[in-house]
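**Q**
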Amino acid sequence: MHASPSIFKAYDIRGVVPSTLTDDVAEALGRAFGTTALQQGEQVVAVGRDGRLSGPQLSAALIRGLRSTGVDVIDIGAVTTPMLYFAASTLCRSGIQVTGSHNPKDYNGFKMVLAGKAIHGEEIQALRRLMQEEAWTVAAQAGSLRHADVLADYRARITGDVKLARPMKIVVDSGNGIAGASAPAIFRALGCEVTELFSQVDGEFPNHHPDPSKPENLRDVIEALRTTDAELGLAFDGDGDRLGIVTKDGQNIFPDRQMMLFAQDVLSRVPGAPILFDVKCSQRLGPAIEAAGGQAVMYKTGHSLIKARMRELDSPLGGEMSGHIFFKERWYGFDDGTYAGARLLEILSKSADASAVLNALPSSFSTPELNVACAEGEPQQLVAQLVAQGSARFAAPARVNTIDGVRVDWPDGFGLVRASNTTPVLVLRFEGHTPEALQRIESEMLALLRSVKPDAQLQGAAH
Numbered sequence: 035m036h037a038s039p040s041i042f043k044a045y046d047i048r049g050v051v052p053s054t055l056t057d058d059v060a061e062a063l064g065r066a067f068g069t070t071a072l073q074q075g076e077q078v079v080a081v082g083r084d085g086r087l088s089g090p091q092l093s094a095a096l097i098r099g100l101r102s103t104g105v106d107v108i109d110i111g112a113v114t115t116p117m118l119y120f121a122a123s124t125l126c127r128s129g130i131q132v133t134g135s136h137n138p139k140d141y142n143g144f145k146m147v148l149a150g151k152a153i154h155g156e157e158i159q160a161l162r163r164l165m166q167e168e169a170w171t172v173a174a175q176a177g178s179l180r181h182a183d184v185l186a187d188y189r190a191r192i193t194g195d196v197k198l199a200r201p202m203k204i205v206v207d208s209g210n211g212i213a214g215a216s217a218p219a220i221f222r223a224l225g226c227e228v229t230e231l232f233s234q235v236d237g238e239f240p241n242h243h244p245d246p247s248k249p250e251n252l253r254d255v256i257e258a259l260r261t262t263d264a265e266l267g268l269a270f271d272g273d274g275d276r277l278g279i280v281t282k283d284g285q286n287i288f289p290d291r292q293m294m295l296f297a298q299d300v301l302s303r304v305p306g307a308p309i310l311f312d313v314k315c316s317q318r319l320g321p322a323i324e325a326a327g328g329q330a331v332m333y334k335t336g337h338s339l340i341k342a343r344m345r346e347l348d349s350p351l352g353g354e355m356s357g358h359i360f361f362k363e364r365w366y367g368f369d370d371g372t373y374a375g376a377r378l379l380e381i382l383s384k385s386a387d388a389s390a391v392l393n394a395l396p397s398s399f400s401t402p403e404l405n406v407a408c409a410e411g412e413p414q415q416l417v418a419q420l421v422a423q424g425s426a427r428f429a430a431p432a433r434v435n436t437i438d439g440v441r442v443d444w445p446d447g448f449g450l451v452r453a454s455n456t457t458p459v460l461v462l463r464f465e466g467h468t469p470e471a472l473q474r475i476e477s478e479m480l481a482l483l484r485s486v487k488p489d490a491q492l493q494g495a496a497h
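Numbering-wise, the sequence shown is residues 35 to 497 according to the working numbering.
1) Excluding the five sequence neighbours on either side, which residues of its own chain have a C-beta within less than 8 angstroms of the C-beta of G111, listed in chain order?
2) Tell me whether N435 sits in a helix, a strand or coil according to DSSP, three-state version.
3) In the DSSP assignment, find the unbroken alpha helix (DSSP H) run with F67 in it and report its ends.
4) Smallest Cα separation from E168: which of V59, A71, S247 and D489?
5) Identify whether L392 lies in helix, strand or coil by the three-state DSSP scheme.
6) CB D567 to CB A269, shorter than 7 angstroms?
7) Closest to R276 by CA distance: which of G211, S425 and V50 is it?
8) Identify which residue in E380, R452, L460 and E465 has its Cα closest to the Cα of G194.
9) From E363, V235, V172 and T281, pick the residue whose C-alpha is nearest to that of E257; which is it?
10) For V417, which residues of its own chain have a beta-carbon under 8 angstroms away from its beta-carbon, when the five flanking residues on both sides are left out?
11) So the candidates are A199, V107 and L92; which of them puts its Cα closest to the Cα of L72?
12) Would Q74 and A149 be called neighbours here (beta carbons separated by less than 7 angstroms)?
13) I need the boundaries of the beta strand (DSSP E) containing D312, first residue and last residue.
14) If you follow the beta strand (DSSP E) that V107 is part of, which residue opens it and which one closes it?
15) For D489, collect the residues of the same chain with a Cβ closer than 7 angstroms to its Cβ; drop the 5 residues on either side in sequence, then sort them by chain order.
16) Can you tell which of A122, S88 and E470 has its C-alpha closest to the C-alpha of G49?
17) I287 by DSSP, collapsed to three states: which one?
18) How would you call R345, buried or exposed, if buried means at least 16 neighbouring beta carbons within 10 angstroms?
19) Specify whether the segment 258 to 266 and the segment 325 to 341 touch according to this definition: at least 3 beta carbon pairs, one from each stretch, less than 8 angstroms apart.
20) State whether the segment 388 to 404 contacts the segment 278 to 296, with contact taken as three or more CB pairs (one from each stretch) at a distance under 8 angstroms.
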């Protein structure tokens with residue numbers, strides 16, 4: 035079975051339907067994953083799908099492939115990615131979500147959990163080789179198929195855990211993604227009055243794209259907060275594993291600032307614990323974690339990588355600038371936009387003015403994520419050159435971190451250049467405590483970049 039190598043990404047499989055992603059690819063993946071699962075002693079695999087139009091057919095093909103190896107399948111239907119993770123934490127230990135995440139509507143893909151771990155990197159390449167060689171198990175008797183609805187258990191698990199100190203009025207924008215089918219009702223069950231925007235699941239995404247990390251996708255939430263008495267806005271991405279937060283006055287509270295609040299809360303019950311965050315996060319986050327009595331641990335970007343590192347360090351909380359927040363304390367350690375929203379409301383419900391609490395979190399002046407387009411394979415080579423140069427180029431008080439690209443921290447801000455794990459681009463981010471610091475740091479980092487790539491063109495990030 036030949037599948038385009040381009041669809042095998044660092045943390046998942048993703049492509050355009052039907053040019054690079056077909057029913058045949060889905061079925062072959064099922065056979066390869068089923069074979070690998072059985073080798074690891076896993077007999078049961080849960081399968082879910084988001085609201086994309088190609089979901090039902092790809093999911094059916096995937097299930098056919100899985101069952102052909104003798105694996106038993108639990109089909110949990112149309113659910114958020116976190117609900118599939120929930121199934122793979124409660125009903126069984128392995129699962130596949132058919133999702134295109136926040137990609138354009140003609141994309142789809144697969145996020146995979148095997149024996150309790152999000153698979154990534156080399157494990158995904160191993161599946162690719164199995165598919166290519168067709169070296170899969172064919173069982174004499176197909177595995178069984180049963181259907182399960184996890185929503186009631188999932189909702190009960192959240193409402194049993196999270197308690198609001200007072201009722202809150204919120205706006206929830208699901209962007210016609212799959213979170214619309216579950217999140218608004220869960221927030222009502224927690225005691226919120228909910229104004230819903232675009233809860234109807236529609237794979238055409240007729241209103242705006244479900245990606246809350248892009249400011250243009252938050253316009254409707256901001257308008258609803260302006261014209262109603264709601265005090266806070268929540269916005270979900272297409273598959274529900276990331277959350278955007280907007281204050282009453284229309285400020286976007288980025289995930290690295292959300293993490294300051296979450297860390298203070300978690301550390302009040304787990305003092306001294308390591309709290310993880312990725313290299314894209316604000317320089318203000320580490321000191322906020324330390325001030326709350328925790329250990330600040332900066333790590334590589336990538337939800338599978340952060341999850342794995344959290345397990346190694348037994349960390350109760352991790353987060354990424356992209357919006358993936360991982361609660362291990364009181365939860366399962368996977369990223370979940372609905373659960374993160376619930377935990378946020380629990381904290382904010384203790385104050386009379388939720389937006390004031392959020393707006394008071396330390397902030398800086400920063401660029402959005404910037405990209406430099408490169409040839410395939412070029413970003414990794416450039417970063418290797420930058421790493422070699424970086425340590426020599428910057429003297430104290432600058433500190434150079436090369437865990438994922440080159441991040442240089444000065445007393446008044448930081449600059450980052452790293453290779454994207456998903457597309458052939460360099461990812462850049464700059465932050466300064468003052469506009470002047472931001473400008474200085476940006477020009478120093480761009481000078482470093484142009485020393486290895488003179489023709490570098492900066493673009494605002496496009497996912």
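C-beta: ideal position from N, C-alpha, C; glycine also.
**A** Let me spell this out:
1) G82, R83, H181 and D183
2) strand
3) D57 to Q73
4) V59
5) helix
6) A question about residue 567 goes unanswered here, because the residues of the chain that appear run from 35 up to 497.
7) G211
8) E380
9) T281
10) G439, V440, V451, R452, A453 and L460
11) V107
12) yes
13) P308 to D312
14) D106 to A112
15) none
16) S88
17) coil
18) exposed
19) no
20) yes
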